[in-house]
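As structure tokens, the structure follows; a few thoughts come after it.
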Amino acid sequence: MTTIEDRLRAATRAAAGTVATGSAPPLRLPDREHDRGPMRRRGPGRRRGPGRRWPSWAAPLAAAAVVTVIFVGVLVVTRLAHLPQNRPGPAGAVTVPLRRAPSVAGAVPPYAVGLAPGPLAAQSTRAVVRATASGTVLATLTTPRGYSSFTWVSAAGDDRTFVLAAYGPGPAAGPGRARDTTAFFLLRLDPGAGTARLTPLPVPAQPNPPGLGSPISGIALSPDGSRLAVAFGNETNVRSELKLFNLRDGSVRKWRGTRNDGRATADELGASPLSWTADGRTLAVDEWAGNTINVHLLDTTAAGSNLWSSRIAVAFADWPSGSVAGSAIITPDGTKIIGMAVARHATQIRVNEFSAGTGKALGTMVRLRYRRGAITGWPSVLWSDRSGSTLIVKTTRLGTRPSKNGDLTAGTVGIVSRGRFTPLPGIPAGEMLAW
Amino acid sequence: MQSELRGHRPAASVADPAPPDRADLDAAEAGVTALYRAHALGLMRLAHIMLGDRQAAEDVVQEAFCGLYRRWSHLSDTGRALQYLRMSVLNGCRSLQRRRRRPRAQPDDGQPVVSAEAAVITGEERREVMRALRRLPARQREAVVLRFYLDLSSEEIATTMGISPSSVRSATHRALASLGRMLEESS
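Chains as they are written, first to last, in my numbering: chain A, 61 to 495; chain B, 60 to 246.
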């Protein structure tokens, strides 16, 4: 059977073939005399036409404007120099001001941390702290020195503590160091002091295997903030691995996938959120095994190191057909698995709940209806209260116009409670988010 | 001074070596022209896949080369110019899609894409795949096109897109899942 990958190759190459060899038009470089770039030069002999002369009063006006701009610029730079800098200090910590969050409706956490791309694709991803209720930006943190992007974010259970993963060579990069690593940082929000503080965690930076890129496929901070689970998947069907770092004593425990059936997507930790129960004992881990997503419940206090010998709570079979879209999480009380599903020929997004004990479907919490074909992307459950009665979810649907970052999807982040979906309009669905 | 204004250099300066900025300009022109000969077609094809519009693809590629020309003297490694160009083309495609009031490929209008591409891609199968591809979010679309059309590695895709390799993996995974679902729906 032809795989999607093969179909993609064939289709894109056929589309590319419609641009015939030799059909590129001649290159039109900018006129050197009009070039406004860094290599600008004034061409000799260029004359201004009579219509382009400045009026006599314009020169003093322009001079005054220049003086004003310089004065304001100096003032701004002087003031900025006295603001807290979003760069690690001697101890590697960063503190930035945190604005007050407005009160939030319902029983959801007040702060959302999202990973927002910079204005240009090549710029660093920033961490943005927003008020859940309004989406107001309360603090923004750029990556610590030596790191190019924040790549993962996860929250503890106190609504104030987050962990961020950052990607890059690190501050002490040199010939003897791995070229790129992923390092972890603790973000603490202190509304009383009005600060957001980022500090390096005592977790060894994870080197990227040569040629494989970052193998990390998910992180989850335990509810009490004492342990960090890091999932490692990869594209070469090597064993999956889960590492659990103790943030207090620096110890690490590892589990590895041992089954390998040779299929390209088998034995891989999915790029879905890992989720903890409130007691910090059980970690829900998605296994992508061919066309099935198995939600494993890993007892982190039990003996053993085989990741896939942990109990499968729910198996979502045949997920590409639209029955289940994955990204399932366990509720903090450990009673339910909640997952988003795209159903009825992509005209519905459903939030479904299953018993974590038996795997039996318990029902559908909410149905969101769209016109045919409007749903695309990857809806997911982002946060759950203790019993799973209130959730924060992300829906994805095709927008009528591209969003700011060019995406055609116009997803919505919102609260699911009592059979209703209430959008959180200020929370951008295009970011990786944590509460 | 008067002679400079009229475009005639003083005699003494004729024997001088060319000013550095002129040398830079000559080097930039030669370098960019050579790159254009080598890569314009490939980049036009990439832009065409992303946009589904031949004219727009040409414009995006031209703009990318003009941008490279302007920044040539600031490139620390001209050997990475192709990477810069790919990044510029993808940015240009994104900007163009942002400026359009409506996406060119409406997903559920049930109409085939009417373009020169449609005349050549005769297979309904391939048209379906391209329609589904253009329904993906920009990041996912770019990730799968760079992976399966250009056969780039995760690292190369990450550098081109300005994101981490793990984000590339995630975007690729999700793109394939979404494509699978969309193609399943349409079959």
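Heads up, the beta-carbon is just placed ideally off N, CA and C, and yes, glycines get one too. Keep in mind it's a predicted model, so treat the numbers as computed, not measured.
Item to check | Unbroken beta strand (DSSP E) run spanning G228 of chain A, endpoints | outcome: By one-based count along the first sequence, residue 228 of chain A stands at place 168. Counting along the chain, the beta strand (DSSP E) containing G228 of chain A begins and ends at 221–228.
Item to check | Residues from the region 442–453 of chain A in contact with chain B, defined by Cβ distance under 8 Å | outcome: Going along the region 442–453 of chain A in chain order, one finds no residue with a Cβ nearer than 8 Å to chain B.
Checklist entry - Where does T203 of chain A land, buried or exposed, given buried means 16+ other C-beta within 10 angstroms? => result As a working mapping, residue 203 of chain A is identified with position 143 in the first sequence. Under this definition T203 of chain A is a buried residue.
Item to check | Limits of the alpha helix (DSSP H) - the one that E187 of chain B falls within | outcome: Here the question's residue 187 of chain B lines up with position 128 in the second sequence. Counting along the chain, E187 of chain B sits inside the alpha helix (DSSP H) bounded by residues 183–194.
Checklist entry - By the 10 Å Cβ neighbour count, where 16 or more other Cβ atoms means buried, how is P177 of chain A classified, buried or exposed? => result The residue you call residue 177 of chain A lines up with position 117 of the first sequence. Burial is judged here by how many other beta carbons sit within 10 angstroms of a residue's own beta carbon; P177 of chain A has at least 16 and is buried.
Checklist entry - Per DSSP, what kind of secondary structure is K247 of chain A in: helix, strand or coil? => result As a working mapping, residue 247 of chain A is identified with position 187 in the first sequence. Note that residue 247 of chain A is Leu in the sequence shown, not Lys. Of the three classes helix, strand and coil, the one that applies to L247 of chain A here is strand, per DSSP.
Checklist entry - By a C-beta neighbour count over all protein chains shown, 10 Å radius and 16 as the cutoff for buried, is V129 of chain A buried or exposed? => result As a first step, residue 129 of chain A must be located in the first sequence, where it is residue number 69. Exposed, since its Cβ has fewer than 16 Cβ neighbours within 10 Å.
Next on the checklist: With a threshold of 7 Å on Cβ separation, who are the neighbours of Q142 of chain B within its own chain once the five nearest residues in sequence on each side are excluded?
Outcome noted: By 1-based counting over the second sequence, the position of residue 142 of chain B is 83. Only T218, T219 meet the Cβ criterion.
Checklist entry - Helix, strand or coil for E491 of chain A per DSSP? => result Against the first sequence, residue 491 of chain A aligns to sequence position 431. In the displayed model, E491 of chain A falls within coil according to three-state DSSP, outside both helix and strand.
Next on the checklist: Could you compute how far the alpha carbon of A172 of chain A sits from the alpha carbon of A256 of chain A?
Outcome noted: What you label residue 172 of chain A is simply residue 112 of the first sequence in a count that begins at 1. What you label residue 256 of chain A is simply residue 196 of the first sequence in a count that begins at 1. Rounded to whole angstroms, the separation of the alpha carbons of A256 of chain A and A172 of chain A is 13 Å.
Item to check | P333 of chain A at chain B interface by Cβ criterion, 8 Å | outcome: Within the first sequence, numbered from 1, the residue matching residue 333 of chain A stands at position 273. With 8 Å as the cut-off, P333 of chain A does not count as an interface residue toward chain B.
Checklist entry - Considering S209 of chain A, what are the terminal residues of the beta strand (DSSP E) in which it resides? => result Here residue 209 of chain A refers to the residue found at position 149 of the first sequence. It spans 209–215 - the beta strand (DSSP E) in which S209 of chain A sits, taken as one unbroken run.
Next on the checklist: DSSP three-state label for T259 of chain A, please.
Outcome noted: Along the first sequence, read from residue 1 onward, the residue named residue 259 of chain A stands at position 199. Strand, per DSSP.
Next on the checklist: Judging by CA-CA distance, which residue of A:A123, A:P85, A:D250, A:A76 is the nearest neighbour of R159 of chain A?
Outcome noted: Taking the first residue of the first sequence as position 1, residue 159 of chain A is located at position 99. Nearest C-alpha to R159 of chain A: A:D250.
Checklist entry - Mind pulling the chain A residues with CB within less than 8 Å of A99 of chain B? => result Position 40 of the second sequence holds residue 99 of chain B. In chain order: A84, L87.
Item to check | Segment contact, 8 Å Cβ cut-off, at least three pairs: the region 116–128 of chain B with the region 83–90 of chain A | outcome: The region 116–128 of chain B vs the region 83–90 of chain A: in contact.
Next on the checklist: Counting only Cβ pairs nearer than 7 Å, list the residues of chain B close to S209 of chain A.
Outcome noted: Here residue 209 of chain A is taken as the residue at index 149 of the first sequence, counted from 1. Result: I222, S223.
Checklist entry - If you follow the alpha helix (DSSP H) that G126 of chain B is part of, which residue opens it and which one closes it? => result If you number the second sequence from 1, residue 126 of chain B lands on position 67. First-last of the alpha helix (DSSP H) with G126 of chain B: 113–130.
Item to check | Closer than 8 Å to chain A by CB, V91 of chain B | outcome: Translated into the one-based positions of the second sequence, residue 91 of chain B becomes position 32. V91 of chain B counts as touching chain A.
Checklist entry - Skipping 5 residues on each side, what residues in its chain have a beta carbon closer than 7 Å to that of L175 of chain A? => result For the purposes of this step, residue 175 of chain A is identified with residue 115 of the first sequence, where counting begins at 1. The residues are T185, A187, F210, V213, E491, M492.
Checklist entry - If you run the structure through DSSP and keep just helix, strand and coil, what is G419 of chain A? => result For the purposes of this step, residue 419 of chain A is identified with residue 359 of the first sequence, where counting begins at 1. Note: G419 of chain A maps to coil in three-state DSSP.
Item to check | Rounded straight-line distance, which links the Cα of R185 of chain B to that of R200 of chain B | outcome: As a working note, residue 200 of chain B is residue 141 in the second sequence. As a working note, residue 185 of chain B is residue 126 in the second sequence. So the alpha carbons of these two residues sit roughly 16 Å apart.
Checklist entry - Where DSSP assigns a beta bridge to F414 of chain A, which residues make up the other side? => result Translated into the one-based positions of the first sequence, residue 414 of chain A becomes position 354. Its beta-bridge partners are A:I397, A:A421.
Item to check | Same chain only: Cβ atoms within 7 Å of D219 of chain A, ignoring 5 sequence neighbours per side | outcome: Taking the first sequence and counting its residues from 1, the one referred to as residue 219 of chain A is at position 159. These residues qualify, in order along the chain: P169, P170, Y171.
Checklist entry - In chain B, which residues lie less than 8 Å from A401 of chain A when you measure between Cβ atoms? => result Numbered from 1 along the first sequence, position 341 holds the residue referred to as residue 401 of chain A. Against chain B, the beta carbon of A401 of chain A has no neighbour under 8 Å; the closest one sits roughly 11 Å away.
Checklist entry - When you compare only the Cα positions, how much space is there between Q165 of chain B and A191 of chain B? => result Working through the second sequence from its first residue, we reach residue 165 of chain B at position 106. Working through the second sequence from its first residue, we reach residue 191 of chain B at position 132. Confidence at Q165 of chain B is low in this model, with a pLDDT of 33, below 50, so its placement is unreliable and no value can be given for it.
Checklist entry - If the cut is a Cβ gap below 7 Å, which residues of chain B does V473 of chain A touch? => result On the first sequence, position 413 is the one that residue 473 of chain A refers to. Going along chain B, no residue has its Cβ under 7 Å from V473 of chain A, so there is no contact; the nearest lies around 15 Å.
Item to check | Under 7 Å from the C-beta of P72 of chain A: neighbouring residues of chain B | outcome: On the first sequence, residue 72 of chain A is found 12 positions in, with the first residue counted as 1. Position check: residue 72 of chain A holds Thr in this sequence, whereas Pro was assumed. Under a criterion of Cβ atoms nearer than 7 Å, the residues of chain B adjacent to T72 of chain A are, in order, I108, V204, F207, Y208.
Item to check | Where D112 of chain B falls, given that 16 or more other Cβ within 10 Å makes a residue buried | outcome: Within the second sequence, the letter at position 53 stands for residue 112 of chain B. Counting other Cβ atoms within 10 Å of its Cβ, D112 of chain B reaches 16 or more and is therefore classed as buried.
Checklist entry - Of all the options A:I475, A:A216, A:A161, A:A226, which has the alpha carbon lying nearest to the alpha carbon of V197 of chain A? => result Position 137 of the first sequence, counting from 1, holds the residue named residue 197 of chain A. Shortest Cα-Cα distance from V197 of chain A to any of A:I475, A:A216, A:A161, A:A226 involves A:A161.
Checklist entry - Sorry if obvious, but does the Cβ on F207 of chain B come closer than 7 Å to a heavy atom of the ligand PLP? => result In the structure shown, the ligand PLP is absent, as is every other ligand, since no ligand is present at all.
Item to check | Sub-8 Å separation of M400 of chain A and S440 of chain A beta-carbons | outcome: For this step, residue 400 of chain A is matched to residue 340 along the first sequence. For this step, residue 440 of chain A is matched to residue 380 along the first sequence. Yes, the Cβ-Cβ distance between M400 of chain A and S440 of chain A is below 8 Å.
Checklist entry - What did DSSP end up calling Y171 of chain A once you bin it into helix, strand or coil? => result Indexing the first sequence from 1 puts residue 171 of chain A at position 111. DSSP places Y171 of chain A in strand when its eight states are reduced to three.
Item to check | Closer than 8 Å at the beta carbon, the chain B residues around R410 of chain A | outcome: Taking the first sequence and counting its residues from 1, one reaches residue 410 of chain A at position 350. Residues of chain B passing the Cβ test: none, with the nearest at roughly 14 Å.
Checklist entry - If you measure beta-carbon to beta-carbon, which residues of the region 219–230 of chain A are closer than 8 Å to chain B? => result Only those residues of the region 219–230 of chain A whose C-beta falls short of 8 Å from the nearest C-beta of chain B are listed: Y227.
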